[in-house]
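Protein chains in written order, with my numbering: chain U, 3 to 86; chain D, 3 to 86. As structure tokens, the structure follows; a few thoughts come after it.
There are 2 protein chains.
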Amino acid sequence: MYLGKVYVSYKPSVLDPQGTVIQNKLGQLGFADVDSVKQGKYFEIKLKADTKQDAATQLEELTQALLINPNTETYRYDLEEVSA
Amino acid sequence: MYLGKVYVSYKPSVLDPQGTVIQNKLGQLGFADVDSVKQGKYFEIKLKADTKQDAATQLEELTQALLINPNTETYRYDLEEVSA
């Protein structure tokens, strides 16, 4: 069994209105040292696979198939073997 | 300047309907080896601080003040020094 941790964020060229709203709110709350805020999605996915390479391939395929919008989002992931 | 990466997920005891919906959809798409899916939030926060400890304290305070619901969510973070 493998655990994939997928981090999805907007591509640098894409406006992140949610991040801007959060940054403004943090400023109002007194967190004046915040320079920028980006918000994205985070997934923890457990999957069965024979090898780590097989798990990585599955993780990339399912991420591109369902978890991201390839036009506006990019992703990275960590992958580790875990007990069932 | 420091870059904090904050990973927010539901506490284990909290139902994750979004994760269940994604898992079902992945099954329909043929990803039958997926054992579980959890969805959370991911933040990248750049902030000015004199020391790494000061940056960590700020990051924890602003996360608990605005980025998570302490009743249902938990978080972890990575923190690194970056050029401005």
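The beta carbon of each residue, even a glycine, is placed where N, CA and C say it ideally should be.
Item: If you draw a straight line from the C-alpha of serine 11 of chain D to the C-alpha of tyrosine 44 of chain D, how long is it?; Value: 9 Å
Item: Thinking C-beta only, is glycine 21 of chain D closer than 7 Å to leucine 61 of chain D?; Value: no
Item: Check whether the segment 63-76 of chain D and the segment 48-57 of chain U are in contact - that is, three or more C-beta pairs closer than 8 Å.; Value: no
Item: Give me, in chain order, the residues of the same chain whose beta-carbon lies closer than 6 Å to that of isoleucine 47 of chain U; leave out the 5 immediate sequence neighbours on both sides.; Value: Gly6
Item: Among D:Tyr9, D:Val84 and D:Thr74, which residue has its Cα nearest to the Cα of leucine 49 of chain D?; Value: D:Val84
Item: What residues from chain D crowd round aspartate 80 of chain U, counting only those whose CB sits closer than 7 Å?; Value: What aspartate 80 of chain U touches in chain D: nothing, since even the nearest Cβ is about 10 Å away.
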